[in-house]
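Take 1 as the starting number for the sequence shown in UniProt numbering and just add one per residue. Glycine is no exception: its CB is placed at the ideal position from the N, C-alpha and C atoms. Since the structure comes first, as structure tokens, the remarks are kept for the end.
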Amino acid sequence: MRLLALPALSDNYIWALSGDDESALIVDPGDAAPVLAAAAHGLRPVGILLTHHHDDHIGGTPALRERWPDIPVFAPDDERIASATARVGDGTRLHVDGWSLTALAVPGHTRSHVAYYMEQDHLERGGRATDRIVFSGDTLFSLGCGRLFEGTPAQMLVSLTRLAALPDDTRVCCGHEYTLSNAAFASVVEPANPALRRRIEQAQAMRNAGRPSLPSSIGDERATNPFLRTREPAVIAAVTARLGRAPADETETFAELRRWKDGFRA
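Structure, rendered in structure tokens:
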């Protein structure tokens with residue numbers, strides 16, 4: 001199994017999950033050109049997964065369907081995604097050319113946003129192992145989360161809590177290269193977090209080498225991402241200092257973090 005992050009537009013990633021025969025699932029093709037370029041080198045798209053309706057995640061789909069007219073396009077039940085050939089909802093099981101995934105409803109960034117979760121067993125030296133991947137779109141980022149364009153803080157908190165409950169070794173494949181910009185905010189919220197310092201050093205080294213900082217993992221995100229740490233004393237203390245009082249509950253902690261991040265400048 002091979003997982004490719006294809007850079008697109010200004011800071012997007014189109015994800016390609018391919019097998020030994022180069023058959024690939026394509027996730028959130030905001031631009032067709034990177035996928036067509038990969039196909040020229042042997043990649044063979046067999047399915048397209050769309051997480052939400054924003055054009056930087058779906059804009060390349062019509063051109064890809066022109067190139068591969070029979071390719072299935074899975075998307076949430078949202079009339080703004082006209083290129084879908086099949087609609088998915090919470091718990092929908094997808095089976096595409098040997099790949100099996102489950103759609104998870106994760107509203108907040110948009111009202112119909114979904115993520116796609118995969119558990120795939122494989123044999124390796126010493127026995128059987130399991131690959132776990134979640135394509136989180138713009139709900140969960142490395143060290144951050146998406147803006148609330150259509151949902152409420154309560155909705156987004158539920159969505160993030162759901163993703164955070166996935167196994168620690170689940171690879172997080174999100175839609176943008178935002179790790180270092182998110183790190184600046186996370187460092188203000190939790191400056192004494194040693195796991196966060198290690199993650200920043202790792203991400204900086206990867207970017208300096210011209211590599212994506214992704215995927216991260218659910219375990220790393222739980223240890224470093226302030227939006228998944230709204231029950232941690234240090235995060236609550238940072239929000240308390242900003243509000244001038246203790247937040248009423250976890251939802252208010254999250255909501256204030258999101259407001260803070262919306263106006264944050266490093």
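Cutoff 7 angstroms: residue i Cβ touching any chain D Cβ
| i | result |
| --- | --- |
| Gly-263 | As a matter of chain content, chain D is missing from the structure shown, which is built from one protein chain. |
Three-state secondary structure (DSSP) of residue i
| i | result |
| --- | --- |
| His-57 | helix |
| Trp-260 | helix |
| Arg-65 | helix |
| Met-1 | coil |
| Thr-102 | strand |
| Arg-162 | helix |
| Glu-250 | helix |
| Leu-140 | strand |
| Leu-9 | coil |
| Pro-167 | coil |
| Leu-50 | coil |
Under 7 angstroms between C-beta atoms of residue i and residue j
| i | j | result |
| --- | --- | --- |
| Arg-111 | Glu-150 | yes |
| Asp-28 | Gly-175 | yes |
| residue 273 | Cys-145 | Here the chain has residues from 1 to 266 only, and residue 273 is not among them. |
| Leu-49 | Tyr-116 | yes |
| Pro-72 | Ala-86 | yes |
| Thr-251 | Ala-154 | yes |
| Asp-56 | Gly-30 | yes |
| residue 267 | Thr-51 | Outside the displayed span of the chain (1 to 266) sits residue 267, for which this structure offers no information. |
| Ala-24 | Leu-3 | no |
| Thr-152 | His-113 | no |
| Asp-169 | Arg-132 | yes |
| Ser-216 | Val-158 | no |
| Pro-45 | Ile-26 | yes |
| Thr-240 | Ala-234 | no |
Buried or exposed (CB count within 10 angstroms, at least 16 for buried), residue i
| i | result |
| --- | --- |
| Arg-231 | exposed |
| Gly-244 | exposed |
| residue 270 | Here the chain has residues from 1 to 266 only, and residue 270 is not among them. |
| Thr-130 | exposed |
| Met-156 | buried |
| Ser-18 | buried |
| Arg-258 | buried |
| His-53 | buried |
| Gly-91 | exposed |
Other residues of its chain near residue i: CB distance less than 8 angstroms, five sequence neighbours each side excluded
| i | result |
| --- | --- |
| Leu-180 | Ile-200, Ala-203, Gln-204, Arg-207 and Ser-213 |
| Arg-242 | Glu-256 and Trp-260 |
Beta-carbon proximity list for residue i, same chain, < 7 angstroms, skipping 5 on both sides
| i | result |
| --- | --- |
| Ala-183 | Leu-143, Ile-200 and Ala-203 |
| Asp-220 | Arg-199 |
| Leu-36 | Arg-67 |
| Gly-89 | Asp-77, Ala-103 and Ala-105 |
| Pro-34 | Leu-6, Pro-7, Ala-8 and Ile-14 |
| Arg-147 | His-109 and Asp-262 |
| Thr-224 | Leu-143, Ala-186, Asn-193, Ala-195, Leu-196 and Arg-199 |
Neighbourhood of residue i by C-beta distance below 6 angstroms, restricted to the same chain and skipping five residues each side
| i | result |
| --- | --- |
| Pro-102 | What sits at residue 102 in the sequence shown is Thr, not Pro. So the qualifying residues of the chain are Arg-93 and Tyr-117. |
| Ala-238 | Val-189 |
| Ala-84 | Val-73 and Ala-75 |
| Asp-121 | Arg-128 and Thr-130 |
Ranges of the alpha helix (DSSP H) found wholly within the region 179-247, counting only runs of at least 4: 179-189, 194-208, 218-224 and 233-243
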